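> Attaching a single structure in structure tokens format; questions to follow.
2 protein chains.
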Amino acid sequence: MKVDGKAFRTIWLSDDGWAVEIIDQTRLPHEFEIIRLETGIRAARAISDMEVRGAPLIGATAAYGMALAVREDASDAGVEDAHAVLLATRPTAVNLSWALDDMRALLLPLPVPDRMAAAYARAAQISDEDVAISRALGEFGAELIVRAAESKVASGKDGPVNILTHCNAGWLATVDWGTALAPIYVAFDEGIDVHVWVDETRPRNQGASLTAWELGRHGVAHTVIADNAGGHLMQHGEIDLCITGTDRTTRAGDVCNKIGTYLKALAAHDNNIPFYVALPQTTIDWTVSDGIREIPIEQRSAEEVTHISGRTDDGKIARVQLTPNGSAAANFAFDVTPARLITGLITDRGICDASEEGLLELFPEQK
Amino acid sequence: MKVDGKAFRTIWLSDDGWAVEIIDQTRLPHEFEIIRLETGIRAARAISDMEVRGAPLIGATAAYGMALAVREDASDAGVEDAHAVLLATRPTAVNLSWALDDMRALLLPLPVPDRMAAAYARAAQISDEDVAISRALGEFGAELIVRAAESKVASGKDGPVNILTHCNAGWLATVDWGTALAPIYVAFDEGIDVHVWVDETRPRNQGASLTAWELGRHGVAHTVIADNAGGHLMQHGEIDLCITGTDRTTRAGDVCNKIGTYLKALAAHDNNIPFYVALPQTTIDWTVSDGIREIPIEQRSAEEVTHISGRTDDGKIARVQLTPNGSAAANFAFDVTPARLITGLITDRGICDASEEGLLELFPEQK
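So this is what it looks like as structure tokens:
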């Protein structure tokens, strides 16, 4: 998407054709800096230090990391070392191991001199495939926004289509377009008048920092709100639909997403507001049905609750403590929204009911 | 309640018998400082600068402010001037105008030489009455906690009674005991094993700062969580009951309280967890029925969302910006929880259903 008029992806080959460039997401939203990755080791650090984040982008970065590593050492040992180092960067990202296994399986059977070119080509392909998936679900989802705009006009209401989103499921989490935000970007680019209510998404504030930044840079109207505010806005007709992403979707349509998603789905249900979840099919875990009982929820550092970082008046990044000394804090990273609260799932194959029947209609091979 | 073993109220007469002392709540939770008020003007600043906050405490401070002012000038003009200056400190606090009108009505008919003693006596009485109200609702509410503890034991469950609260409705917002926290303090002082999940309560973080501080200083076990986390905890049996305060309660039992209360009530309802609201009868607005339609919701500065203050590693208080430059923010201060989601209202006359019938049983004079 665009950053102040210029088109970007989150990862791309540099002009010299061999190094890889990324946006340093740890410095957003206050600074926009591009990092040049020249080695597999440096790509690994980009993942472990969260300079890149979001499962699809982590996968693409790992693939390019393999290409950079093979450029230095294309031997079997070189491929295996790069695989191991890159795999150790983040504990649970499914796309990470998938991309690395894919690259290794491609490279090892090839003659050593052919490996470098193949690695670069496959990394580019993995990136392009991710863009195509995001674009596809963006187009399906945009139809919902177009319909919401039409029904607003039909009922004589003024103003933009108001969409609530939670966390960051935008182009910064993928290679381009995003998941939850892809329908919004497609609709916006088609000229639909949209406005996004951005949950700040405590404790890591991905909404207030990343979602607000990327919407603003692309030119999409948006307003940041405390996570507490969505229910009030829904009660007063200020939200036309909700779209979130998901980290893991069960066979039954339950959605495990950033903590707090469940509360917004409850409020949407209570106010008859459509609540959609956008997802590439890779996030569907066909082995799990009951999300609340079966999905373990990661607990992260309490410091993410007790402390927060931001920019001081003199432009420095500083971290401050919010809680009194001695008060414990707990930090659950995700929650599970039961399928009964979800209006539909926006996938790269189309939109379906959040249910096993709905998903199997789009994915009959999983029957 | 206690601060590290020593009993405090939020406002008291100093040892010399004429000045008034308060806790500087703007410096909590990082610093505990006592301020000495010697003039009516200084008392007015304590209210306007939010060194004291919470409707009952504002009322008590205004009453003592009148006493301090009358000490300097007990003439009719002195009484009227003090009334006007103190009334202008905060725009909407009902207790403020009530306490000031009460003091003026008492003082003006008296001979000038009798006014000072009468003013001090009435201010002390207003404070004591507030303590009695909080203590009464605390005792009614504590029965719910005792019963929850008993039913935990009966069903063979270990551990404390887990109570979720939102915002700060503790002793810091009243003269002592609090409203939502009064039942918890009474139960704790009776030896019941309690643990409080404290919503941080964005954007002003009254939970993470004030509620965590006062629970910690009194010795009550507690854990601060992001406002997003309560639904997940309820899904997993980690919350036995919820108690919040209220700024305004309608005749029908709707509750207007800090933004985000509605989302927690929805989650409690979805998980069959009791959701109680504690209130002194003075917060009931008998002229309003439908809270969502009839109560206007204050919008506060966007800076409370885009910026936050805390303590840096070197002990200074600093403010940092969380959002990108150019992103708008909205800041709705309250939301309305419909009575259908509320299990019961804990008042200083007892506990009743959140309904007009329930309220009128306790307050038959309002029929």
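Going line by line, the protein sequences match chains A and B.
Heads up: the first sequence begins at 223 in my numbering, then just goes up one per residue.
Heads up: the second sequence begins at 223 in my numbering, then just goes up one per residue.
We put the beta carbon where it would ideally sit given N, CA and C, even for glycine.
What you are looking at is a predicted structure, and each value in this text was computed from that prediction instead of being measured.
(1) What are the start and end residues of the alpha helix (DSSP H) that includes residue 435 (chain A)?
(2) Could you tell me which chain A residues have their CB closer than 7 angstroms to the CB of residue 482 (chain B), listed as they occur along the chain?
(3) Pick from B:564, B:504, B:240, B:519: whose alpha carbon is nearest that of residue 570 (chain B)?
(4) With which residues is residue 521 (chain A) paired in a DSSP beta bridge?
(5) Inspect the beta-carbon positions of residue 308 (chain A) and residue 329 (chain A) and report whether they are closer than 7 angstroms.
(6) Let me know the beta strand (DSSP E) ranges lying completely inside the region 271-318 of chain B, each 3 residues or longer, listed in chain order.
(7) Give me, in chain order, the residues of the same chain whose beta-carbon lies closer than 6 angstroms to that of residue 654 (chain B); leave out the 5 immediate sequence neighbours on both sides.
(8) For residue 507 (chain B), which beta-bridge partners are listed by DSSP?
(9) Which residues in chain B have a C-beta closer than 8 angstroms to the C-beta of residue 457 (chain A)? List them in chain order.
(10) Below 7 angstroms on C-beta distance, what does residue 393 (chain B) contact in chain A?
(11) To the nearest angstrom, report how far apart residue 279 (chain A) and residue 432 (chain B) are at their CA atoms.
(12) Taking DSSP as the reference, what is the three-state secondary structure of residue 372 (chain B)?
(13) Thinking residue 558 (chain A) and residue 442 (chain A) are a contact (beta carbons under 8 angstroms), I'd like their distance in whole angstroms, please.
(14) Three-state secondary structure (DSSP) at residue 453 (chain A)?
(15) Check whether the Cβ atoms of residue 452 (chain B) and residue 386 (chain B) sit closer than 7 angstroms, and answer yes or no.
(16) Using the Cα positions of residue 285 (chain B) and residue 325 (chain B), report the straight-line distance between them to the nearest angstrom.
(17) Of all the options B:396, B:275, B:456, which has the alpha carbon lying nearest to the alpha carbon of residue 311 (chain B)?
(18) Which of helix, strand or coil does DSSP assign to residue 258 (chain A)?
(19) Go through its chain and collect everything with a Cβ distance to residue 468 (chain A)'s Cβ below 6 angstroms, but skip five positions before and after it.
(20) Do residue 425 (chain A) and residue 434 (chain B) count as a contact pair if the criterion is CB distance below 7 angstroms?
(21) Residues of chain B with CB under 9 angstroms from residue 384 (chain A), in chain order?
(22) Over what stretch of residues does the beta strand (DSSP E) that includes residue 443 (chain A) continue unbroken?
(23) Compute the distance between the beta-carbons of residue 228 (chain B) and residue 388 (chain B), then report whether it is under 7 angstroms.
(24) Counting only Cβ pairs nearer than 7 angstroms, list the residues of chain B close to residue 438 (chain A).
(25) Give the single residue among A:515, A:542, A:351, A:539 whose Cα lies nearest to the Cα of residue 317 (chain A).
(26) Give the list of continuous alpha helix (DSSP H) stretches no shorter than 4 residues that lie fully inside the region 391-422 of chain B.
(27) Can you tell me where the alpha helix (DSSP H) holding residue 584 (chain B) begins and where it ends?
(28) State the beta-bridge partners of residue 542 (chain B) as determined by DSSP.
(29) By the criterion of Cβ-Cβ separation under 7 angstroms, what are the contact partners of residue 425 (chain B) in chain A?
(30) Give me the DSSP bridge partner(s) of residue 498 (chain B).
(31) Give the single residue among A:301, A:354, A:359 whose Cα lies nearest to the Cα of residue 341 (chain A).
(32) For residue 234 (chain A), which residues in chain B fall below 9 angstroms Cβ to Cβ?
(33) Is it true that the region 231-248 of chain B meets the region 534-549 of chain A, where meeting means three or more beta-carbon pairs spaced less than 8 angstroms apart?
(34) I think residue 563 (chain A) touches residue 488 (chain A), with their Cβ atoms under 8 angstroms apart; what is that distance to the nearest whole Å?
(35) Would residue 263 (chain B) and residue 246 (chain B) be called neighbours here (beta carbons separated by less than 7 angstroms)?
Well, looking at it:
(1) As a first step, residue 435 (chain A) must be located in the first sequence, where it is residue number 213. That run of the alpha helix (DSSP H) goes 434-440.
(2) To locate residue 482 (chain B), count along the second sequence from 1; it is residue 260. Simply 450.
(3) Against the second sequence, residue 570 (chain B) aligns to sequence position 348. Among B:564, B:504, B:240, B:519, the Cα nearest to that of residue 570 (chain B) is on B:504.
(4) Your numbering for residue 521 (chain A) matches position 299 in the first sequence. Bridge partners of residue 521 (chain A): A:554.
(5) Here residue 308 (chain A) corresponds to residue number 86 of the first sequence, with the count starting at 1. Here residue 329 (chain A) corresponds to residue number 107 of the first sequence, with the count starting at 1. Not a contact, by the Cβ cut-off of 7 angstroms.
(6) none
(7) Outside the shown range of chain B (223 to 589) lies residue 654 (chain B), about which nothing can therefore be said.
(8) Counting from 1 along the second sequence, the entry for residue 507 (chain B) is found at position 285. DSSP lists B:472 as partners of residue 507 (chain B).
(9) Taking the first residue of the first sequence as 1, we reach residue 457 (chain A) at position 235. Those within 8 angstroms of residue 457 (chain A) in chain B are 484, 514, 557, 558.
(10) For the purposes of this step, residue 393 (chain B) is identified with residue 171 of the second sequence, where counting begins at 1. What residue 393 (chain B) touches in chain A: nothing, since even the nearest Cβ is about 15 angstroms away.
(11) Along the first sequence, one-based indexing puts residue 279 (chain A) at 57. Along the second sequence, one-based indexing puts residue 432 (chain B) at 210. Rounded to whole angstroms, residue 279 (chain A) to residue 432 (chain B) spans 40 angstroms at the Cα level.
(12) Within the second sequence, the letter at position 150 stands for residue 372 (chain B). The answer is helix: DSSP assigns residue 372 (chain B) an H, G or I state.
(13) Here residue 558 (chain A) is taken as the residue at index 336 of the first sequence, counted from 1. Here residue 442 (chain A) is taken as the residue at index 220 of the first sequence, counted from 1. About 29 angstroms; that fails the 8 angstroms criterion.
(14) Within the first sequence, the letter at position 231 stands for residue 453 (chain A). In the structure shown, residue 453 (chain A) sits in a helix (DSSP, three-state: H, G or I).
(15) Indexing the second sequence from 1 puts residue 452 (chain B) at position 230. Indexing the second sequence from 1 puts residue 386 (chain B) at position 164. Yes, they are a contact pair.
(16) What you label residue 285 (chain B) is simply residue 63 of the second sequence in a count that begins at 1. What you label residue 325 (chain B) is simply residue 103 of the second sequence in a count that begins at 1. Computed Cα separation, rounded: 7 angstroms.
(17) Position 89 of the second sequence, counted from the start, is the residue given in the question as residue 311 (chain B). Nearest C-alpha to residue 311 (chain B): B:275.
(18) As a working note, residue 258 (chain A) is residue 36 in the first sequence. The answer is strand: DSSP assigns residue 258 (chain A) an E or B state.
(19) As a working mapping, residue 468 (chain A) is identified with position 246 in the first sequence. So the qualifying residues of the chain are 477, 479, 499, 501, 505.
(20) Walking along the second sequence from the start, residue 434 (chain B) turns up at place 212. Walking along the first sequence from the start, residue 425 (chain A) turns up at place 203. For residue 434 (chain B) and residue 425 (chain A), no; Cβs fall outside 7 angstroms.
(21) On the first sequence, position 162 is the one that residue 384 (chain A) refers to. Residues of chain B passing the Cβ test: none, with the nearest at roughly 12 angstroms.
(22) Locating residue 443 (chain A) in the first sequence gives position 221, where the first residue counts as 1. Residue 443 (chain A) -> beta strand (DSSP E) spans 443-447.
(23) The sequence position of residue 228 (chain B) within the second sequence is 6, counting from 1. The sequence position of residue 388 (chain B) within the second sequence is 166, counting from 1. No; because the gap between Cβ atoms is not below 7 angstroms, this pair is not in contact.
(24) Taking the first sequence and counting its residues from 1, the one referred to as residue 438 (chain A) is at position 216. Neighbours of residue 438 (chain A) on chain B, chain order: 546, 548, 549.
(25) Here residue 317 (chain A) refers to the residue found at position 95 when the first sequence is read from its first residue. Nearest option by C-alpha distance: A:351.
(26) 404-411
(27) Along the second sequence, read from residue 1 onward, the residue named residue 584 (chain B) stands at position 362. Start and end: 578-584.
(28) Working through the second sequence from its first residue, we reach residue 542 (chain B) at position 320. B:530.
(29) Along the second sequence, read from residue 1 onward, the residue named residue 425 (chain B) stands at position 203. Neighbours of residue 425 (chain B) on chain A, chain order: 448.
(30) Sequence index remark: in the second sequence, residue 498 (chain B) carries index 276 (1-based). Bridge partners of residue 498 (chain B): B:465, B:566.
(31) Mapped onto the first sequence, residue 341 (chain A) falls at position 119. The candidate whose alpha carbon is nearest that of residue 341 (chain A) is A:301.
(32) As a working note, residue 234 (chain A) is residue 12 in the first sequence. Going along chain B, no residue has its Cβ under 9 angstroms from residue 234 (chain A), so there is no contact; the nearest lies around 22 angstroms.
(33) no
(34) Locating residue 563 (chain A) in the first sequence gives position 341, counting from the first residue. Locating residue 488 (chain A) in the first sequence gives position 266, counting from the first residue. Indeed, because the Cβ distance is near 6 angstroms, the residues count as touching under 8 angstroms.
(35) Taking the second sequence and counting its residues from 1, one reaches residue 263 (chain B) at position 41. Taking the second sequence and counting its residues from 1, one reaches residue 246 (chain B) at position 24. No, the Cβ-Cβ distance between residue 263 (chain B) and residue 246 (chain B) is not below 7 angstroms.
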